[in-house]
Amino acid sequence: MNDFGRCFELRVRSSTENLALIRDFVGNVARQGGLSESDLSLVELAVDEAGANVMEHAYGGDPTREVVVRVRLDADAITIEMLDTGRGFDPAAVEQKDLQKLVAEGARGGLGMRLMKRAMDEVQYRSVPGGRNELRMVKKLGKPPGPETTEEDRKSGGKGV
Amino acid sequence: MNDFGRCFELRVRSSTENLALIRDFVGNVARQGGLSESDLSLVELAVDEAGANVMEHAYGGDPTREVVVRVRLDADAITIEMLDTGRGFDPAAVEQKDLQKLVAEGARGGLGMRLMKRAMDEVQYRSVPGGRNELRMVKKLGKPPGPETTEEDRKSGGKGV
Amino acid sequence: MVRNLVLHISQIDGIAVIALEGFLDAHTAPQFEEAIQSEIDAGRRNIVVDCARLLYISSAGLGVFMGFIGELRETGGDIKICGVAAPRVLQLFEVSGFKDLFGLAADLPAAVALFREKDK
Amino acid sequence: MVRNLVLHISQIDGIAVIALEGFLDAHTAPQFEEAIQSEIDAGRRNIVVDCARLLYISSAGLGVFMGFIGELRETGGDIKICGVAAPRVLQLFEVSGFKDLFGLAADLPAAVALFREKDK
Ligand SMILES: Nc1ncnc2c1ncn2[C@@H]1O[C@H](COP(=O)(O)OP(=O)(O)O)[C@@H](O)[C@H]1O
Ligand SMILES: Nc1ncnc2c1ncn2[C@@H]1O[C@H](COP(=O)(O)OP(=O)(O)O)[C@@H](O)[C@H]1O
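Chains as they are written, first to last, in the numbering used here: chain S, 762 to 922; chain P, 762 to 922; chain G, 891 to 1010; chain L, 891 to 1010.
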């Protein structure tokens, strides 16, 4: 995401109060990209889930840190990057429990990453040790939600979540 | 605007298509700041006028440059900075014509800066030669629109527009 | 909601009626300008701009009015603005001095009546 | 429009009705959680959540349901979700598997009827 062709960037502090602002920002860009209403809500959902995870997990609830959201519009896709400088994690090490199990355990969460993957065509996470963490999500324009692991995940250096 | 207490930043390219995005961004922040609906629309108007000027005048209509919008919420005020790296100008050298004269001339513009000043309590412009241009606007919370030149303008180093 | 401008164009007794819907800013003002120019090119010099469904206007929108009103008035035509409903649209007409200078008709029939009065 | 959550709480025949209005995300979920906890503390274990005016929900909102439903069911209570109207709210209940697992009642009377059925 280097050239500034159709890039948009938002920087806000890590208060959950700003989730609505992040959703609206990404939603407005997605509208410019011509996404359908249904895809648009999936993209807003994915970015909300990603933002909530950064605020809760990467920053441990500290509302004074910084969240950077970058959006790039291309002819055939919208790409969203979310950057934080908090605690990184290994998505592969997170146990995926099915909904029934989560309910039985009275879990308050555990659906966020799954929803991101269902909503988007690609989801990749990269934690640069001592540096910053990057979540990258792609939604192809005019396509139905992708499978949980995509072609791109398998080929690319980035780690599929 | 250095500490990240309640700061928000948006970076978009200089296409007029992005004016709506800029207004919505600033409007959302203003809402968090508890501005009344009436003040909120004045602040959105001011930031739209400022953005349109940057796109049209500073960047001469080139839609591929970058516009940076920073918003800061304090207990008693909302401060907006708009930054560009285009052509600077000297606000004092811009002739202020009244509405009747503009209409008689069939002018397509000439109201933007006046509206910003009516909408906000402070408007300051600074052009750093060879560097970047900064427009800074302040709206005090819970106050009526300020006079065209404010106390602050006269005292501060920044140049009142 | 897409932040664009939709123009609804019609005629009443030779008066051009341009109804604005949505957002009139520096991005969408050229559309509005073209619409007025087309009416003038078609020989219509009495124009009503109905703002009942206009949700937002900036100085770029006012600039379109300013660009045509003087020229139209010189040749016996005019632009009448009517139907302003959204508080923020009214606010701009007020804060800019437009309301005092040009007046705002309550609605489309009132605006049309103003032209009938004028051309009697 | 402020992106917050407003809770309207009432009772019908000992059933707690929590009507959600606005936006249910990680920021507002704690409000919803507290509302349910209060009902449980007051001894009400049959709860209807009316989503007719809910405009947005994320997994943080689903998490509140997940956190209480198992515990309530173990003691003969339950949460019934009803009135989902906004397409994006329905979308989340569908894509998350919630709709299939818990079902969605059409409206408040339908949800109340489900409790009457159950407790007969
Ligand atoms: N951005 C992140 N930074 C650090 N840890 C994360 C992040 N996102 C997710 N995690 C970890 O992965 C787990 C599962 O995340 P998720 O599926 O979103 O469910 P939830 O956030 O509701 O627990 C979290 O509980 C957390 O331990
Ligand atoms: N950000 C800016 N960069 C360069 N020139 C500007 C800028 N803003 C305003 N100007 C100059 O000041 C003039 C008056 O601006 P304004 O009152 O906003 O009216 P308008 O933009 O409609 O002409 C402009 O025509 C332009 O020459």
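All residues carry an ideal CB built from backbone N, CA and C; glycine is no exception.
In the three-state reduction of the DSSP assignment, leucine 994 (chain G) falls in the coil class, being assigned neither a helical nor a strand state. Glutamine 793 (chain P) sits buried, since 16 or more C-beta atoms from the chains shown fall within 10 Å of its C-beta.
Annotation: glutamate 923 (chain G) to arginine 869 (chain P) spans about 10 Å, alpha carbon to alpha carbon.
Membership of aspartate 800 (chain S) in the alpha helix (DSSP H) is indicated by the continuous run 798-814. Per DSSP, reduced to three states, the secondary structure at leucine 952 (chain L) is helical.
Chain-ordered, the chain P residues with CB closer than 9 Å to the CB of arginine 772 (chain S) read Phe765, Cys768, Phe769, Glu770, Leu771, Arg772, Arg831.
Among the residues facing chain G, aspartate 835 (chain P) is not included, as its CB has no counterpart in that chain under 8 Å away.
Between ligand 1 and valine 855 (chain S), a heavy atom-to-CB distance of less than 7 Å is present. Judged by beta-carbon spacing, valine 979 (chain L) lies beyond the 8 Å limit of arginine 879 (chain S), meaning their Cβ atoms are not closer than that value.
At least one heavy atom of ligand 2 is found less than 7 Å from the C-beta of histidine 818 (chain P). DSSP places glutamine 885 (chain S) in the strand class (E or B) of the three-state scheme. Contact with chain L is absent for threonine 825 (chain S), since none of that chain's Cβ atoms lies less than 8 Å from the residue's Cβ.
Every alpha helix (DSSP H) of 4 residues or more that sits fully in the stretch 907-953 of chain G is shown, in chain order, as 919-931. Judged by DSSP secondary structure, arginine 784 (chain S) falls outside any beta strand (DSSP E) and instead within the alpha helix (DSSP H) spanning 780-793. Shown here, glutamate 856 (chain S) sits in coil according to DSSP, grouped into three states, outside any helix or strand.
Taking the Cα of cysteine 941 (chain G) as reference, the smallest distance to any Cα among G:Ala1001, G:Glu1007, G:Arg1006, G:Lys1010 is reached at G:Ala1001. Using beta-carbon distances, valine 790 (chain P) does not count as an interface residue toward chain G, since no partner is under 8 Å.
Contacts with chain P (Cβ-Cβ distance below 7 Å) from the stretch 940-958 of chain G involve Ser948, Ser949, Ala950, Leu952, Gly953, Met956, Gly957, listed in chain order. Pairing leucine 801 (chain P) with isoleucine 783 (chain P) gives a Cβ-Cβ distance that is not under 8 Å. Taken from the Cβ of methionine 881 (chain S), every heavy atom of ligand 1 lies 7 Å or farther away. The C-beta of glutamine 793 (chain S) comes closer than 8 Å to at least one C-beta of chain P. Under the three-state reduction of DSSP, arginine 879 (chain S) is assigned to helix. Where glutamate 984 (chain L) is concerned, the enclosing alpha helix (DSSP H) starts and stops at 977-985. Isoleucine 899 (chain L) sits exposed, since fewer than 16 C-beta atoms from the chains shown fall within 10 Å of its C-beta.
At a cut-off of 8 Å between C-beta atoms, alanine 781 (chain P) counts as an interface residue with respect to chain S. For phenylalanine 786 (chain S), the chain P residues whose C-beta falls within less than 9 Å of its own C-beta are Leu771, Leu782, Asp785, Phe786, Asn789, listed in chain order. For glycine 870 (chain S), the CB falls within less than 7 Å of some heavy atom of ligand 1. For valine 896 (chain G), the closest of G:Asp1009, G:Asp903, G:Phe1005, G:Ala925 by C-alpha to C-alpha distance is G:Ala925. Of the heavy atoms belonging to ligand 1, at least one sits nearer than 7 Å to the Cβ of methionine 874 (chain S). Restricting attention to L:Asp997, L:Asp903, L:Lys1008, L:Ile930, the CA atom closest to the CA of alanine 975 (chain L) is found in L:Asp997.
Judged by DSSP in its simplified three-state form, valine 974 (chain L) adopts coil rather than helix or strand. Distances from the CB of asparagine 779 (chain S) to the heavy atoms of ligand 2 are all 7 Å or more. Taken in chain order, the members of the stretch 972-983 of chain L whose beta-carbon sits within less than 8 Å of a beta-carbon on chain S are Pro977, Arg978, Gln981, Leu982.
With three or more CB-CB distances shorter than 8 Å, the stretch 882-901 of chain P counts as touching the stretch 840-858 of chain P. With its beta carbon less than 8 Å from one in chain S, glutamate 778 (chain P) belongs to the interface. Taking non-hydrogen atoms of ligand 1 into account, the C-beta of glycine 892 (chain S) is found less than 7 Å away from none of them.
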